[in-house]
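Asker: One structure follows; several queries about it will come next.
Residue numbers (the numbering used here): 99 to 196.
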């Protein structure tokens, strides 16, 4: 049974994640108007994927990482050193127990 302190900390973390998810979603909405396939959009999608994964929503995380990857591939190309890291992020999501 969690202590009151750990329970409160967990609630605080959940609240922070929810607030962060709201902020990132707002940023994505603004970017969609003018910069749909920009690096900033890819970065926001990756951040949203990370938050979704922390919340246990692995399918949303996977979808967002894959959208971000498509943007980064168009921008950087398949052979760019950063692309391996993005594939690793997707692999980490796929390896999560469901």
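All residues carry an ideal CB built from backbone N, CA and C; glycine is no exception.
Remember, predicted model here, so these are calculated numbers, not experimental data.
Spatial neighbours of residue 192 within its chain, please: C-beta separation below 8 Å, excluding the five flanking residues on both sides.
Answerer: Along the chain shown, one-based indexing puts residue 192 at 94. Cβ neighbours of residue 192 beyond the five flanking positions: 160.
Asker: How long is the line joining the alpha carbons of residue 127 and residue 117, rounded to whole angstroms?
Answerer: Stepping through the chain shown from its first residue, residue 127 is reached at position 29. Stepping through the chain shown from its first residue, residue 117 is reached at position 19. Answer to the nearest angstrom: the Cα atoms are 15 Å apart.
Asker: Provide the residue span of the alpha helix (DSSP H) that contains residue 190, from first to last.
Answerer: Numbered from its first residue, the chain shown carries residue 190 at position 92. Its alpha helix (DSSP H) spans residues 179 to 192.
Asker: In angstroms with no decimal places, state the Cα-to-Cα distance between residue 131 and residue 148.
Answerer: Indexing the chain shown from 1 puts residue 131 at position 33. Indexing the chain shown from 1 puts residue 148 at position 50. Approximately 23 Å, taken between the alpha carbons.
Asker: Would residue 169 and residue 137 be called neighbours here (beta carbons separated by less than 9 Å)?
Answerer: Taking the chain shown and counting its residues from 1, the one referred to as residue 169 is at position 71. Taking the chain shown and counting its residues from 1, the one referred to as residue 137 is at position 39. Result yes, Cβ atoms of residue 169 and residue 137 sit closer than 9 Å.
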